[in-house]
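Residue numbers (my numbering): 15 to 159.
Inspection log for the structure reproduced underneath, given as structure tokens.
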């Protein structure tokens, strides 16, 4: 449903030749200049208004990539790729909640173990073989949005 609903957004950013990627309702737009960033934000706001959508204030970052940003549960920065702090917090919260819900069941340890195993598999899918070392952060710091 989201793919169909946001097709207008995808087509709009394809035409601009920007780095644009979207996974469901999470999107990342990278530009090389502040001017292009402002145009991209204006286009995004225009399309969102037309579709009667809103940006989530806690999940919106507009600024230099060198400051680091979160996307799809990971934190991207010149220092490398890691699990975002909010992702760790949500993991621990869900683990405690699962424990409270299942602690009376005989297999509660296995259930929690399964959850941790699946979560860790997700983490390793994004980070395990990824080593991000930016010896020259200059090109990354040039990017906006």
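Glycine included, each C-beta is placed from N, C-alpha and C at the ideal position.
None of these values were measured; they are calculated from a predicted model.
Quick check on residue 107: does DSSP put it in helix, strand or coil?
DSSP places residue 107 in helix when its eight states are reduced to three.
Nearest-angstrom Cβ-Cβ length linking residue 45 and residue 32, presumed shorter than 8 angstroms
Indeed, because the Cβ distance is near 6 angstroms, the residues count as touching under 8 angstroms.
Can you name the residues that DSSP bridges to residue 52?
Assignment of beta-bridge partners to residue 52 by DSSP yields no partner.
What is the rounded straight-line gap between the Cα of residue 89 and the Cα of residue 101?
Each residue's Cα considered, the two are about 9 angstroms apart.
Taking the alpha-carbon of residue 109 as reference, which of 81, 126 and 95 has the nearest alpha-carbon?
That would be 126, whose Cα lies nearest to the Cα of residue 109.
Using CA coordinates, which residue listed in 30, 86 and 115 is at the minimum distance from residue 55?
That would be 30, whose Cα lies nearest to the Cα of residue 55.
Have a look at residue 75 and residue 96 and give me their C-alpha separation to the nearest angstrom.
Computed Cα separation, rounded: 17 angstroms.
Tell me whether the beta-carbon of residue 85 lies closer than 8 angstroms to the beta-carbon of residue 40.
Closer than 8 angstroms, so yes.
Span of the alpha helix (DSSP H), counted from its first residue to its last, around residue 27
If you look at residue 27, you'll find it in the alpha helix (DSSP H) that goes 21–30.
In this structure, does DSSP put residue 101 in helix, strand or coil?
Reduced to three states, the DSSP call for residue 101 is helix.
C-alpha distance - residue 138 paired with residue 129, whole-angstrom precision:
A straight-line Cα-Cα distance of about 14 angstroms links residue 138 and residue 129.
Buried or exposed by the 16-neighbour rule on C-beta atoms within 10 Å, applied to residue 37
Exposed, since its Cβ has fewer than 16 Cβ neighbours within 10 Å.
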